[in-house]
Structure formats: C-alpha cells, structure tokens
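Please read the structure below before turning to the comments.
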Amino acid sequence: MADIESISHSGMVAPDSRAVHTFYETVLSGVREETVSRSYEGTRGGNAHSCGILGDYVFVTFPRRRDVAPLEQLRGGEDSFRHGFAVSRTRFDEITQRLQEQGVPFEGPLVHPERGPLGESIYFRDPGGNYFEVCWRRDEDVQYNPVRVAEE
Amino acid sequence: MATETSAAAESARQAAGFAAVLKPVDGHISIDSVAGVQLEVRDLAEARAFYEPIFWDAAGSWKPSARTLTFESGSQSLELVQKAKPRTFADGGQHTAYRVRATRVSSLAEQLAEAGHSVEWWHEDHPQERELAPYLHDPSGNRVQLVAASSADPLIAHVAIEVHAFDYCEYLYVRELGGEVDYYHGWRVEDQTAAKAWLDGDDPAAPWTRRDNPGWTDFRDQGSKNRSIRVPRPNTQVFLRYGDTRLGMISATKTRQEPPEEQIVGTPRILFRSSMAADQAAARADAEPVPHERHGRSIYFRDADGNFSELRCG
Ligand SMILES: [Fe+2]
Numbered sequence: 017m018a019d020i021e022s023i024s025h026s027g028m029v030a031p032d033s034r035a036v037h038t039f040y041e042t043v044l045s046g047v048r049e050e051t052v053s054r055s056y057e058g059t060r061g062g063n064a065h066s067c068g069i070l071g072d073y074v075f076v077t078f079p080r081r082r083d084v085a086p087l088e089q090l091r092g093g094e095d096s097f098r099h100g101f102a103v104s105r106t107r108f109d110e111i112t113q114r115l116q117e118q119g120v121p122f123e124g125p126l127v128h129p130e131r132g133p134l135g136e137s138i139y140f141r142d143p144g145g146n147y148f149e150v151c152w153r154r155d156e157d158v159q160y161n162p163v164r165v166a167e168e
Numbered sequence: 034m035a036t037e038t039s040a041a042a043e044s045a046r047q048a049a050g051f052a053a054v055l056k057p058v059d060g061h062i063s064i065d066s067v068a069g070v071q072l073e074v075r076d077l078a079e080a081r082a083f084y085e086p087i088f089w090d091a092a093g094s095w096k097p098s099a100r101t102l103t104f105e106s107g108s109q110s111l112e113l114v115q116k117a118k119p120r121t122f123a124d125g126g127q128h129t130a131y132r133v134r135a136t137r138v139s140s141l142a143e144q145l146a147e148a149g150h151s152v153e154w155w156h157e158d159h160p161q162e163r164e165l166a167p168y169l170h171d172p173s174g175n176r177v178q179l180v181a182a183s184s185a186d187p188l189i190a191h192v193a194i195e196v197h198a199f200d201y202c203e204y205l206y207v208r209e210l211g212g213e214v215d216y217y218h219g220w221r222v223e224d225q226t227a228a229k230a231w232l233d234g235d236d237p238a239a240p241w242t243r244r245d246n247p248g249w250t251d252f253r254d255q256g257s258k259n260r261s262i263r264v265p266r267p268n269t270q271v272f273l274r275y276g277d278t279r280l281g282m283i284s285a286t287k288t289r290q291e292p293p294e295e296q297i298v299g300t301p302r303i304l305f306r307s308s309m310a311a312d313q314a315a316a317r318a319d320a321e322p323v324p325h326e327r328h329g330r331s332i333y334f335r336d337a338d339g340n341f342s343e344l345r346c347g
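From first to last, the protein sequence lines stand for chains A and B. If you read the first sequence in the working numbering, its first letter stands for residue 17, the second for the next number, and so on. If you read the second sequence in the working numbering, its first letter stands for residue 34, the second for the next number, and so on.
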C-alpha cells in the first residue's frame, strides 16, 4: 500500500498566471508566499512563477493556455474538476459577500441535504477558468486533520 | 515537527511580514513622482556635451558644482556624479527614458549617431513602449532611451532597474512606497508566444526583455544531442506607477557585484519626491524592515538587490 498521506499542493495554470494569483490574494485572502525568481531565471532558464497559500493549501501557478470551460460556465458539465474549500459558516457568508463586492460571478449558495456532511456551497472560477467550490460543513466544529507545519 | 492549526500557521506568516506583499500597506509613504536619477559618469563636461542636445527643448538649466552636475527641469532632475570608474549597467536593462518632442526624435537619433554614438531602435513590452524607440549609451555607459512625446515636460518618463528577487523588491516599491502595478510581463501565455516570435524572426525587442535560455529540463532532455539548443523566454518585468512617472523592475540579466551590504547611501540611485513631511515618512520607514537612513529631509533606501533610492520629502 502506498504511504501517501495528503495532497501537498496544486499546480494551477492560466493564460495570465499572475492575475490568478492576484485573485487568490485580493478576493480569497490568500498569501503570496514566494515568487520564484532569484537564481531561477539566470543560467537555469524558466520564468518567474508565484507560489501562494489559500487557507492551508499551497498553489503554484504557471502560464499555460488550457482548454477549460469559459468563466460564464460556473458549475457542472464535463469540467466539474474543482478545488473545494471548507470554511466556517460565518466566513462562508463573508466570502459570498466579498465575491459580490468584487463583481465575481458565482453560483449558489446551494443548500445540501440536511443529513449530509455539507451545509451550503458556492461555485466560481478564477480569472484562468479554474473552478472552485467553497462550502461550510454541518460538523464545522470537528477538527479532522490539523495542519502540521515544519518547525522554524 | 510541531503541530499547529492553520490559523496559527497563518499568524506565523503574518508575523514574518510577507503577507499581502502586493498591496501598499495602510498608511504607506506617499510618493508624488519619480523626481529623477543620480548617475555616475567619468567626466562631467563630456556628459554635459552628450545630454545637451537631448535636453535641447526641455525647460531647465544646468547647475554645476565641484564633482556634480545637475540638469534641473521642473520638478525633476538628472544629477551626474563624477567617478573614476562609474558604476553603470551598460549591458543590462537599467535605463533612464527621457521625453523628447515626437517631431525631433528621428533627427535627434541621427544627430547622435553622426556624433559617433551607437543608436539602436528597439521596443519594450510595457503598453506605452511597444513602438520602436532609439536607445543608446552616454559616454560612461548609462543606458538612455528617447521617448517620443508631445513635449519634453516632464523630462523623465520612466526609469528601469534590474532586480533578482521580485517579492523583496515589491515589498519596498509597492508595499512601503505605494507604487501601483500597472503592467507585468512574463506571467502570460502571450508573453511566451512573443518570445518565440522574437527567436524565430526579426522582432526588434530590447535585448533585456527576452532570454534565450535553456532550463535544466531542456538541457537534460535535449542538451546532449543538441548543444546549440535555443529556448526563448520573456524576461520577467514589473512596472509601477508613481503619479505620472514609472519605475520598471527588470529581471537581472546577469549577476553583478553589489556594493557592501552596510552601504545605504549610494549611486546610481532613483530619486523620489514626496510631499509628506520627512518626520512622518521616516517614522513609516522605521516601522518596516527595509534598510534605510535619514539625512535631513531625505530618506535613503537600499533594496534587496542593492539598488539605491532617495526619497526627498516636502
Ligand atoms: Fe524603457
């Protein structure tokens, strides 16, 4: 049995990779952790690319043209691959409000079955067409798997 | 390993001071404009002879002193400092762009070429620099761009410096000094496409805006079979707006010797103007980790890559 413990990070692609990162920072309160640039461009080739954190999840972004559903298509269809983030119910309302204030189109809130794990979800795309879900869990007080960070 | 909640990890990152680098911090130092540059030259008279025809229709005057020579034009100035071995970056992306009346640009470029200067017509990537423009060096090796404009006021359209670490430099120029990102290059698919076109043909892009630069995987996969492998890439650039002026950060094209780390006041340097009182600006600079020194109404900064700047307060 493979001893894989968890997902470490996602490499995200978009026609404008910095616009995607700016979206994570300004709309979703993500943090740009590092723009890989020093010593990377010089003799080793490559381009500056951004690494950032949303909640406890790491994203690395690269410029690529990719065949994703258009931004107008917010949910479902064959392109239902998405990153789903759970937040507290209070934060869920804040995020919904933030998306409205920033003019980001989203679908929902979708109310899930009362006896299921999820309360509500909203669905939206970043400027590169990458598809996201944000939900709150009915058992939001349970801490399933605390994030471990390396000691300084 | 320690176990922490994501909230604790987040507060640790906040404490490290690099959260939201992109946005100017609340109460940042407010800059009115790029007020000029201070450049090193080997001979003041030789430099004046070079710059005089460029500034021919700029309202302004020369102010000489023992080891410096300043051309003051409105709220901007070019300040030349005499040095036996001037620090210039002749082969890099660092440059100063001067406004010249559009009707004069071609004849001026010809005149400078006839005087023995090597003039190249290139374009850059900022949306306002996509038309061909003349580039040359002053006699000491400072790179000069001539920008076609309706008038030569204000004299300096933009300055560009070389950086290695964008995050650190944005920390100073965006978060602390309030520059607004108005264009970036290298993060888009179309930037990569443009670089391919440059390698394929005769796109006269300024040399510091592109790279022919195989990376590790290119070398690993193809390098042993194809020693002349060429891999075009856009060179990363970020442009910041301060009032009507602009600062360009260009990914450094080579590694250079930096001045000693403890040196904060140095040349060449960018001059910024702020109508803030020096006490107020100094207090804000003191609250941030970027090295700085105050002398009178000026606050001097050194960015993470050894670029100097001076903030002249009101
Ligand atoms: Fe330029």
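The beta carbon of each residue, even a glycine, is placed where N, CA and C say it ideally should be. Nothing here was measured: the structure is a model prediction, and the numbers come from that model.
Could you tell me whether any Cβ in chain B is nearer than 8 Å to the Cβ of residue i?
{"i": "Phe-148/A", "result": "no"}
{"i": "Glu-117/A", "result": "no"}
{"i": "Pro-133/A", "result": "no"}
{"i": "Arg-114/A", "result": "no"}
{"i": "Ala-64/A", "result": "yes"}
{"i": "Ser-33/A", "result": "yes"}
{"i": "Glu-130/A", "result": "no"}
{"i": "Glu-21/A", "result": "no"}
{"i": "Pro-79/A", "result": "yes"}
{"i": "Glu-50/A", "result": "yes"}
Near residue i, which residues of its chain fall below 8 Å by C-beta distance, leaving aside the five closest residues on each side in sequence?
{"i": "Asp-186/B", "result": "Ala-91, Ala-92, Ser-106, Gly-107 and Arg-132"}
{"i": "Val-43/A", "result": "Arg-114, Leu-115, Gln-118 and Val-120"}
{"i": "Ser-137/A", "result": "Gly-100, Gly-124, Pro-125, Leu-126, His-128, Glu-149, Val-150 and Cys-151"}
{"i": "Arg-34/A", "result": "Ser-66 and Thr-77"}
{"i": "Ser-307/B", "result": "Ile-62, Ser-63, Ile-64, Asp-65, Ala-314, Leu-344, Arg-345, Cys-346 and Gly-347"}
Please confirm if residue i has its CB atom under 8 Å from at least one CB of chain A.
{"i": "Tyr-131/B", "result": "no"}
{"i": "Phe-199/B", "result": "yes"}
{"i": "Gly-219/B", "result": "yes"}
{"i": "Thr-103/B", "result": "no"}
{"i": "Arg-75/B", "result": "no"}
{"i": "Asp-161/B", "result": "Reading off the sequence shown, one finds Gln at residue 161/B, where the question assumed Asp. Chain A contact via Cβ: absent."}
{"i": "Val-222/B", "result": "yes"}
{"i": "Thr-242/B", "result": "no"}
{"i": "Ser-106/B", "result": "no"}
{"i": "Ser-94/B", "result": "no"}
{"i": "Ala-52/B", "result": "With a pLDDT of 42 at Ala-52/B, under the threshold of 50, the predicted position of this residue should be treated as unreliable, and no value is reported."}
{"i": "Arg-335/B", "result": "no"}
How would you label residue i, buried or exposed, when you count the other beta carbons within 10 angstroms and need 16 or more for buried?
{"i": "Ile-23/A", "result": "exposed"}
{"i": "Ser-44/B", "result": "Model confidence at Ser-44/B stands at a pLDDT of 45, short of 50, so the residue's coordinates are unreliable; what they give is reported in the following sentence. It is exposed - the Cβ of Ser-44/B has fewer than 16 other Cβ atoms within 10 Å."}
{"i": "Ser-66/B", "result": "buried"}
{"i": "Val-127/A", "result": "exposed"}
{"i": "Thr-51/A", "result": "buried"}
{"i": "Gln-159/A", "result": "exposed"}
{"i": "Ser-183/B", "result": "exposed"}
{"i": "Trp-249/B", "result": "exposed"}
{"i": "Glu-223/B", "result": "exposed"}
Spatial neighbours of residue i within its chain, please: CB distance less than 6 Å, with the 5 preceding and 5 following residues excluded, ordered by chain position.
{"i": "His-328/B", "result": "none"}
{"i": "Glu-142/A", "result": "Residue identity check: residue 142/A is Asp in the sequence provided, not Glu. Same-chain partners within the cutoff: Val-36 and Phe-39."}
{"i": "Gln-115/B", "result": "Leu-77 and Arg-100"}
{"i": "Gly-299/B", "result": "Pro-292 and Phe-341"}
{"i": "Glu-153/B", "result": "Tyr-168"}
{"i": "Ser-173/B", "result": "Val-74, Arg-75, Pro-119 and Thr-121"}
{"i": "Thr-16/B", "result": "Residue 16/B cannot be examined here, being either before or after the span of chain B that is shown, 34 to 347."}
{"i": "Ile-283/B", "result": "Gly-126, Ala-193, Glu-195, Trp-241 and Gln-270"}
{"i": "Arg-266/B", "result": "Ala-228, Arg-244 and Asn-246"}
May I ask whether a heavy atom of ligand 3 can be found less than 7 Å away from the beta carbon of residue i?
{"i": "Gly-126/B", "result": "This structure lacks ligand 3; the ligands present are ligand 1."}
Can you list, in chain order, the residues of its chain with a C-beta nearer than 7 Å to that of residue i? Leave out the 5 residues immediately preceding and following it.
{"i": "Gln-127/B", "result": "Arg-176, Ala-193, Ile-194 and Glu-195"}
{"i": "Pro-98/A", "result": "Residue identity differs from the one stated: residue 98/A is Arg in this sequence, not Pro. Once the five neighbours on either side are set aside, the close Cβ partners of Arg-98/A are Tyr-147, Phe-148 and Glu-149."}
{"i": "Ala-337/B", "result": "Ala-198, Tyr-201 and Cys-202"}
{"i": "Ser-94/B", "result": "Glu-105"}
{"i": "Gln-109/B", "result": "Ala-68, Gly-69, Pro-187, Leu-188 and Ile-189"}
Please report the Cβ distance between residue i and residue j, rounded to the nearest whole angstrom; I am assuming they are in contact, meaning their Cβ atoms lie under 8 Å.
{"i": "Ser-104/A", "j": "Glu-149/A", "result": "No, Ser-104/A and Glu-149/A are not in contact; Cβ-Cβ is about 16 Å, not under 8 Å."}
{"i": "Gly-185/A", "j": "Glu-41/A", "result": "In this structure chain A extends from 17 to 168, so residue 185/A is not present and cannot be described."}
{"i": "Ala-123/B", "j": "His-170/B", "result": "6 Å"}
{"i": "Thr-278/B", "j": "His-218/B", "result": "At roughly 19 Å, the Cβ-Cβ gap does not stay under 8 Å, so Thr-278/B and His-218/B are not in contact."}
{"i": "Leu-15/B", "j": "Leu-141/B", "result": "The shown model of chain B, from 34 to 347, leaves out residue 15/B, and the question about it has no answer."}
{"i": "Val-207/B", "j": "Leu-273/B", "result": "6 Å"}
{"i": "Thr-153/A", "j": "Gly-135/A", "result": "Residue identity check: residue 153/A is Arg in the sequence provided, not Thr. Yes, they are in contact, since the Cβ atoms of Arg-153/A and Gly-135/A sit about 7 Å apart, within 8 Å."}
Subject >> Cβ pair count under 8 Å reaching 3, the segment 136-153 of chain B against the segment 313-327 of chain B >> reply: As far as the Cβ criterion goes, the segment 136-153 of chain B does not touch the segment 313-327 of chain B, which means the pair count is below three.
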